[in-house]
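Enquirer: Respectively, the protein sequence lines represent chains H and F. Everything in the first sequence is counted per the working numbering, starting at 75 for the first residue and increasing by one. Everything in the second sequence is counted per the working numbering, starting at 8 for the first residue and increasing by one.
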Amino acid sequence: MSVPEITVEGLVHVYPRGEVRALDGVDLRIGPGERVALVGQNGSGKTTLVRHLNGLLRPTAGRVQIGGDDASRLTVAALARSVGLVFQDPDRQIFAGSVRAEVEFGPRNLGHRGAELRAAVDGALATVGLADSGDANPYDLGASRRKLLALASVLAMRTPVLVLDEPTTGQDLAGVAIVRGVVEAAEAEGRTVIAISHDMAFVAETFERVVVMRAGRIVLDGPPASVFAEESWQALRSTYLEPPLAAVAGARLGLGSTPTDEALIAALG
Amino acid sequence: MLRLESVSYRYAGARRPSLRDVSLELADGEVVGLVGASEAGKTTLCLVASGLAPRIVGGTLRGRVLLDGEDVSDAPMHALAARVGIGFQNPATQLSGVAGTVFEEVAFGPMNLGVARDELLDRTWSALDALRVASLADRDPQRLSGGQQQLVAMAGLLAMRPQHLVLDEPTAQLDPAGTGLVSDAVARLAAGGASILIAEHKTDLLAAVATRVVAIDDGAIALDGPAEQVLAAPQLRRLGVAEPGGHRLARLAQEAGIGADRLRKLREALA
């Protein structure tokens with residue numbers, strides 16, 4: 075699988091009838107296989123940014139390139155082959171009458187049939203813990219499982235780039251572990267993962283790079299150890315984010331930057 | 008006061024009940040947190056406590072639901088809606104769909120309760136301010152981000168000043184600041200005497216706002232006690248519930264064999 079580089083240059087987006095610049099000049103380069111968390115307060119432009127990556131939105135100004143190709147010139151079908159986007163709200167994504175049919179839709183449209191299609195669907199359902207629910211109606215599943223179903227339907231397309239919009243919200247311990255497993259598996263396969271999240275502990279533990287947005291712009295960009303280091307707290311708090319508890323405790327104890335529980339405990343011991 | 012007496016509930020066509028013999032009482036001014044694994048019955052309990060199940064959702068309810076001592080198990084939905092506020096998990100479901108602006112959206116609830124004009128304006132602006140969405144007053148609610156919609160939905164509930172309030176994951180799509188605003192709004196309503204049931208995965212939020220926490224497992228109550236006690240219970244993780252961050256760190260440090268002196272310092276740093 076060839077994993078494309080993503081480059082965003084001077085991206086501006088104003089929604090129709092919009093009074094605000096949802097994106098106000100974003101420059102971002104994401105290399106193949108990177109695991110990037112996108113964080114920032116509600117309304118800071120995170121969702122608007124990722125919707126440009128698979129062509130759901132077109133730039134008002136600036137440009138987005140996927141593997142060197144201008145995303146505005148690629149068809150939605152071509153983009154769907156490289157960038158899989160899992161919506162924040164699964165109900166805006168799910169439409170099929172059964173769990174299995176829902177997950178089949180994507181890979182079928184990519185031309186997969188027969189054993190290949192079955193394997194893609196079975197694999198995706200097993201990954202999210204829905205292997206036994208293939209015949210269920212998606213709307214008989216609770217909200218958290220519908221969200222995992224939406225994740226499976228994108229996983230089944232095996233896109234080189236995976237974009238997750240708030241994948242852990244509404245998930246219990248097991249659900250969060252499933253999402254973390256998906257990110258780790260993608261990493262092992264060299265695929266790119268971009269995830270929006272408000273859960274800073276999850277972000278610090280799961281991603282190698284954190285991009286912080288405020289009012290349509292990027293204000294911090296770096297590994298968790300630098301983005302959550304004490305020097306960055308003022309910038310973080312300017313966008314109403316709090317560093318993970320482990321980072322706060324580590325700084326209070328004079329242990330340096332300890333963005334994760336693991337890092338803090340290692341520094342303590 | 009909101010009270011469930013031996014409530015069992017089964018969705019139409021379901022083989023197994025989703026709630027089994029649940030008894031729960033929320034005093035006036037009490038905030039009760041509801042935790043549990045996915046599909047344990049949190050949303051169903053919210054639907055039953057607010058009266059939407061079985062009235063709108065269908066299914067079979069056994070047991071009784073009481074508001075301020077009055078059995079409302081057979082009361083019609085419109086009578087209940089005036090007395091119990093409900094905040095849905097998905098703000099897109101919550102929004103009325105008829106309001107063209109955020110202001111109208113927030114005013115919609117109290118207007119339908121027959122609140123007089125001056126008070127209506129007052130309540131609406133004060134709720135918009137409390138959730139820091141006053142700057143969005145003229146915007147179309149359908150064109151806000153998920154988190155902004157969740158704040159607007161909460162402002163709408165605040166403006167209704169319900170005596171009983173059921174919230175199903177009211178902060179799922181919110182950033183930490185928004186989560187804090189919802190927490191403040193909940194505390195304000197409780198201080199005004201409302202009994203509030205709040206289903207949440209964010210146990211850190213419950214530690215801040217709930218007086219009591221109830222954990223459900225497979226439709227039945229597994230734990231019920233003071234918030235600090237239930238949130239520190241070792242069974243919590245087995246029930247699929249994440250511990251508050253501070254508890255988790257202290258536990259992991261202890262399991263890693265960090266010495267007593269350093270553990271004490273860590274606890275102080277977490278306090």
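The beta carbon of each residue, even a glycine, is placed where N, CA and C say it ideally should be.
Reducing DSSP to helix, strand and coil, say where D28/F ends up.
Expert: Here D28/F sits in strand by DSSP.
Enquirer: Mapping DSSP to helix, strand and coil, what is E12/F?
Expert: If DSSP states are grouped into helix, strand and coil, E12/F belongs with the strands.
Enquirer: With 16 as the cutoff for other CB atoms within 10 Å, does T100/F come out buried or exposed?
Expert: Its Cβ having fewer than 16 others within 10 Å, T100/F is exposed.
Enquirer: At what residues does the beta strand (DSSP E) containing S140/H begin and finish?
Expert: Sequence inspection shows Ile at residue 140/H; the Ser mentioned does not correspond to that position. Segment A135 to I140, the beta strand (DSSP E) holding I140/H.
Enquirer: Using a Cβ-Cβ cutoff of less than 7 Å, which residues in the same chain neighbour R311/H once the five nearest sequence positions on both sides are dropped?
Expert: Excluding residues within five positions, none has a Cβ falling inside 7 Å.
Enquirer: Please say whether V285/H and L358/H have beta carbons closer to each other than 8 Å?
Expert: For chain H, the structure presents residues 75 to 343; residue 358/H sits outside this window and is missing.
Enquirer: So, is the C-beta of R132/H closer than 8 Å to a C-beta in chain F?
Expert: By this cut-off, R132/H is not an interface position.
Enquirer: Under 7 Å, CB to CB, which of the residues in the segment 315 to 335 of chain H have a partner in chain F?
Expert: Cβ contacts with chain F: L315, E316, L319, A320, A323, R326, L327 and D335.
Enquirer: May I have the straight-line CA-CA distance separating L164/F from D144/H, to the nearest angstrom?
Expert: Answer to the nearest angstrom: the Cα atoms are 45 Å apart.
Enquirer: Taking contact to mean 3 or more Cβ pairs, one atom from each stretch, closer than 8 Å, check whether the segment 117 to 133 of chain F and the segment 179 to 199 of chain F are in contact.
Expert: Too few Cβ pairs lie closer than 8 Å, so no.
Enquirer: Using only alpha-carbon positions, find the residue among L9/F, G40/F, S45/F and L158/F that is nearest to D224/F.
Expert: For D224/F, the nearest C-alpha among the options comes from S45/F.
Enquirer: List the residues of chain F whose Cβ lies closer than 9 Å to the Cβ of T280/H, in chain order.
Expert: What T280/H touches in chain F: nothing, since even the nearest Cβ is about 15 Å away.
Enquirer: Of the residues L327/H, R326/H, A321/H and G328/H, which one's Cα is nearest the Cα of E336/H?
Expert: Comparing Cα-Cα distances from E336/H to each of L327/H, R326/H, A321/H and G328/H, the minimum goes to A321/H.
Enquirer: Which class does Y126/H belong to by DSSP, given the choice of helix, strand or coil?
Expert: Correcting the residue identity first, residue 126/H is His in this sequence and not Tyr. It is helical.
Enquirer: Which residue from G296/H, R288/H and H272/H puts its Cα closest to that of E282/H?
Expert: Nearest C-alpha to E282/H: G296/H.
Enquirer: Mind listing, in chain order, the continuous alpha helix (DSSP H) runs of no fewer than 4 residues lying wholly within the segment 151 to 229 of chain F?
Expert: Whole alpha helix (DSSP H) segments, 4+ residues: 153 to 167, 183 to 198 and 210 to 216.
Enquirer: With a Cβ-Cβ cutoff of 8 Å, do G94/F and L174/F count as a contact?
Expert: For G94/F and L174/F, yes; Cβs fall inside 8 Å.
Enquirer: Exposed or buried, which one is M231/H when buried takes at least 16 other CB atoms within 10 Å?
Expert: When all chains shown are included, M231/H counts as buried.
Enquirer: Closer than 8 Å, CB to CB, is D144/H near chain F or not?
Expert: Not one chain F Cβ lies under 8 Å of D144/H.
Enquirer: In angstroms, rounded to a whole number, what distance separates the CA positions of A229/F and L85/H?
Expert: Approximately 51 Å, taken between the alpha carbons.
Enquirer: Along the chain, where does the beta strand (DSSP E) that runs through E83/H open and close?
Expert: Run containing E83/H: I80 to V88, per the beta strand (DSSP E) assignment.
Enquirer: Report all residues from its chain with a CB closer than 6 Å to the CB of Q167/H; omit the five preceding and five following residues, and keep chain order.
Expert: Correct list, in chain order: F161 and A224.
Enquirer: Considering only residues of the segment 238 to 326 of chain H, which uninterrupted alpha helix (DSSP H) runs meet the minimum length of 4 residues and lie entirely inside it, listed in chain order?
Expert: Fully enclosed alpha helix (DSSP H) runs of 4 or longer: 247 to 262, 274 to 280, 298 to 301, 307 to 312 and 319 to 326.
Enquirer: What's the gap between the Cα of A226/H and the Cα of G36/F?
Expert: Cα to Cα, A226/H sits roughly 42 Å from G36/F.
Enquirer: Quick check: is the beta carbon of G296/H nearer than 8 Å to any beta carbon in chain F?
Expert: It does not; no Cβ of chain F falls within 8 Å.
Enquirer: Whole angstroms is fine: what's the gap from S13/F's alpha carbon to W132/F's?
Expert: S13/F and W132/F: Cα-Cα distance of roughly 40 Å.
Enquirer: Could you give the distance in angstroms between the alpha-carbon of R103/H and the alpha-carbon of V157/H?
Expert: Roughly 15 Å between the two C-alpha positions.
Enquirer: So which residues on chain H does H254/F lean against when the C-beta distance must stay under 8 Å?
Expert: Near H254/F there are no residues of chain H at all, since even the closest Cβ is about 10 Å away, more than 8 Å.
Enquirer: What is the DSSP secondary structure of L148/H, reduced to helix, strand or coil?
Expert: Here L148/H sits in coil by DSSP.
Enquirer: Given a cut-off of 8 Å on the beta-carbon distance, is the pair A260/F and I339/H in contact?
Expert: The answer is yes: Cβ separation under 8 Å.
Enquirer: Go ahead and pull the three-state DSSP assignment for G92/F.
Expert: Three-state DSSP puts G92/F in a strand.
Enquirer: Between the alpha carbons of A278/F and A323/H, how many angstroms are there, rounded?
Expert: Approximately 9 Å between the Cα atoms of the pair.
Enquirer: Does the segment 22 to 32 of chain F come close enough to the segment 142 to 154 of chain F that 3 or more CB-CB pairs lie under 8 Å?
Expert: Touching, no, given that fewer than three Cβ pairs across the two stretches are closer than 8 Å.
Enquirer: Quick one: which unbroken alpha helix (DSSP H) runs of 4-plus residues sit fully inside the segment 71 to 116 of chain F? Chain order, please.
Expert: As far as the segment 71 to 116 of chain F is concerned, its whole alpha helix (DSSP H) runs of at least 4 residues are 84 to 88 and 98 to 101.
Enquirer: Mapping the DSSP letters down to three states, classify A279/F as helix, strand or coil.
Expert: Shown here, chain F extends from 8 to 278; a query on residue 279/F therefore has no answer.
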